[in-house]
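Let me begin by presenting the structure, written as structure tokens, before commenting on it.
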Amino acid sequence: MTINQNLTEFAGLPVVDFPAEGLDEYSLPRGDSGLTHEEHRDRWIEAAKDPAAWAWRLRVESYEPGEEFGPCFLRFLEAVDTTPITALVVGMTGSVEDEPGYLEARDLLIRHRDAFPNLRSIFLGDVTFEESEVSWLNHTDVAPLLAAYPELDTLVTRGTGDSRYRASDEEPTEDTVLRLHVPRHEGLRRLIVESGGLRGRMCRELCSSDLPRLEHLELWLGVDTYGYDAVPEDLAPLLSGEAFPGLRHLGLRNAEDTDDWVRVLASAPILARLETLDLSLGTLREEGARILMETPAFHALRRIDLHHHYLPEETRDRLREALTASGVEVDLSEEREPSHFSGEDLYYPAVGE
Numbered sequence: 001m002t003i004n005q006n007l008t009e010f011a012g013l014p015v016v017d018f019p020a021e022g023l024d025e026y027s028l029p030r031g032d033s034g035l036t037h038e039e040h041r042d043r044w045i046e047a048a049k050d051p052a053a054w055a056w057r058l059r060v061e062s063y064e065p066g067e068e069f070g071p072c073f074l075r076f077l078e079a080v081d082t083t084p085i086t087a088l089v090v091g092m093t094g095s096v097e098d099e100p101g102y103l104e105a106r107d108l109l110i111r112h113r114d115a116f117p118n119l120r121s122i123f124l125g126d127v128t129f130e131e132s133e134v135s136w137l138n139h140t141d142v143a144p145l146l147a148a149y150p151e152l153d154t155l156v157t158r159g160t161g162d163s164r165y166r167a168s169d170e171e172p173t174e175d176t177v178l179r180l181h182v183p184r185h186e187g188l189r190r191l192i193v194e195s196g197g198l199r200g201r202m203c204r205e206l207c208s209s210d211l212p213r214l215e216h217l218e219l220w221l222g223v224d225t226y227g228y229d230a231v232p233e234d235l236a237p238l239l240s241g242e243a244f245p246g247l248r249h250l251g252l253r254n255a256e257d258t259d260d261w262v263r264v265l266a267s268a269p270i271l272a273r274l275e276t277l278d279l280s281l282g283t284l285r286e287e288g289a290r291i292l293m294e295t296p297a298f299h300a301l302r303r304i305d306l307h308h309h310y311l312p313e314e315t316r317d318r319l320r321e322a323l324t325a326s327g328v329e330v331d332l333s334e335e336r337e338p339s340h341f342s343g344e345d346l347y348y349p350a351v352g353e
């Protein structure tokens with residue numbers, strides 16, 4: 001699987017684009033089927049009559065954009081009453097050839113904080129593979145953004161900006177790499193970090209954050225080829241239940257080693273506190289399924305999402321039967337087959353590069 005569609009909904013609202021200059025019919029968001037270029041381009045005019053009813057997306061062309069992100073953002077402030085807007089989505093911020101990131105978008109949002117008094121949800125990185133691979137996206141430190149918006153409820157980030165450092169000792173710089181340490185934020189309830197390779201350093205930063213109201217946490221772990229090197233010790237405060245006392249939903253998604261994380265979770269104190277668990281988009285195999293069936297704590301959950309797995313039909317059916325008999329809702333869709341190379345079976349998560 002690749003990320004092949006832009007968001008059509010965010011924070012419970014339909015997404016509308018404020019069009020950057022130079023976007024043509026080939027730059028329509030993937031997923032907005034049924035709209036002509038003209039209809040899509042003019043949709044924002046109708047949406048501007050009730051800005052609070054929409055999640056607004058700002059994005060520029062991914063190749064030789066006709067307008068830079070900064071001027072597009074400022075035009076948006078002039079053209080739309082942003083004060084009632086509750087949800088904002090940021091897509092491509094520049095030409096993919098220039099390794100675009102989210103530092104400028106972050107700083108513009110901070111600088112114009114007064115223009116968004118009701119903003120509660122932000123998505124940084126609504127980008128499809130046709131615009132840029134996840135591993136190519138640069139990022140930034142999210143702590144200043146959260147500090148500027150103390151009432152923010154939801155933050156979603158895509159990309160880490162760290163994959164190019166995977167084979168070197170070069171120290172990443174703050175303006176290109178995702179930083180997740182947040183000294184304190186009393187409003188954030190949902191945090192989703194999507195990546196093709198999550199660093200252990202980022203996990204440690206996150207676990208050192210003070211987020212007392214966090215209820216929903218998703219981490220896309222990815223593959224080592226694109227930076228994934230996190231180990232259970234990096235998430236020790238989370239797994240022990242010490243970090244994030246309000247957490248009720250945990251996602252360890254898109255992992256190349258899902259079975260290993262199932263084994264870790266089976267004895268982790270945090271599991272007893274969770275209501276829902278998401279291990280989807282990963283590489284669940286028979287060993288992980290066995291642990292899920294044999295560990296009582298998994299049977300106390302309300303829901304487990306396991307879609308995109310590598311279970312044979314018989315094991316899948318036994319797992320479903322065991323969990324549903326305990327009252328657990330389970331998603332076991334998207335059975336995958338391993339790839340084969342030089343006589344070896346290869347098991348890939350959904351998103352890598």
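So the sequence shown is numbered by UniProt numbering: it starts at 1 and just counts up by one. We put the beta carbon where it would ideally sit given N, CA and C, even for glycine.
(1) Could you compute how far the alpha carbon of residue 167 sits from the alpha carbon of residue 43?
(2) Is it the case that the Cβ atoms of residue 124 and residue 106 are separated by a distance below 9 angstroms?
(3) What's the call for residue 227, buried or exposed, on a 16-neighbour Cβ count within 10 Å?
(4) When the Cα atoms are used, what is the spatial distance from residue 229 to residue 196?
(5) Leaving out the 5 sequence neighbours to the left and right, which residues in its chain are closer than 6 angstroms to residue 126 when beta-carbon positions are compared?
(6) List the whole-angstrom C-beta distance separating residue 187 from residue 150, where the pair is believed to meet the contact cut-off of C-beta under 8 angstroms.
(7) According to DSSP, is residue 8 part of a helix, a strand, or is it coil?
(8) Could you pull the DSSP bridge partners for residue 122 from this structure?
(9) What are the complete alpha helix (DSSP H) segments, minimum 4 residues, inside the region 231 to 303?
(10) So, does the region 331 to 345 touch the region 231 to 242, judging by three or more C-beta pairs under 8 angstroms?
(11) I'd like the list of long-range same chain contacts for residue 299, defined as Cβ closer than 7 angstroms, with 5 residues on each side in sequence excluded.
(12) Out of curiosity, what's the CA-to-CA distance linking residue 346 and residue 207?
(13) For residue 161, which residues in the same chain have their Cβ closer than 8 angstroms to its Cβ, ignoring the five residues on either side in sequence?
(14) Measure the alpha-carbon distance for residue 231 versus residue 61 and round it to whole angstroms.
Inspection of the coordinates gives the following:
(1) Indexing the sequence shown from 1 puts residue 167 at position 167. Indexing the sequence shown from 1 puts residue 43 at position 43. Because residue 167 sits at a pLDDT of 46, beneath the cut-off of 50, its placement in the model cannot be relied upon, and the following sentence gives the value as read from the coordinates. Here the alpha carbon of residue 167 sits roughly 45 angstroms from the alpha carbon of residue 43.
(2) Counting from one through the sequence shown, the residue named residue 124 turns up at place 124. Counting from one through the sequence shown, the residue named residue 106 turns up at place 106. Contact: yes.
(3) Taking the sequence shown and counting its residues from 1, the one referred to as residue 227 is at position 227. Its Cβ being crowded by 16 or more others within 10 Å, residue 227 is buried.
(4) Here the question's residue 229 lines up with position 229 in the sequence shown. Here the question's residue 196 lines up with position 196 in the sequence shown. For residue 229 and residue 196, the distance between alpha carbons rounds to 11 angstroms.
(5) Here residue 126 refers to the residue found at position 126 of the sequence shown. Counting only Cβ-Cβ distances below 6 angstroms, and skipping sequence neighbours, we find 6, 7, 89, 91.
(6) The residue given as residue 187 occupies position 187 in the sequence shown. The residue given as residue 150 occupies position 150 in the sequence shown. So it is a contact: roughly 6 angstroms between Cβ atoms.
(7) For the purposes of this step, residue 8 is identified with residue 8 of the sequence shown, where counting begins at 1. Residue state, collapsed to three classes: coil.
(8) Within the sequence shown, residue 122 is the residue found at index 122, counting from 1. Per DSSP, 88, 155.
(9) 236 to 239, 258 to 266, 286 to 294, 296 to 299
(10) no
(11) Here the question's residue 299 lines up with position 299 in the sequence shown. Same-chain partners within the cutoff: 323, 326, 328.
(12) The residue given as residue 346 occupies position 346 in the sequence shown. The residue given as residue 207 occupies position 207 in the sequence shown. So the two alpha carbons sit approximately 31 angstroms from each other.
(13) Position 161 of the sequence shown holds residue 161. The residues are 101, 137, 138, 139, 140, 172, 176, 177, 178.
(14) Your numbering for residue 231 matches position 231 in the sequence shown. Your numbering for residue 61 matches position 61 in the sequence shown. About 37 angstroms.
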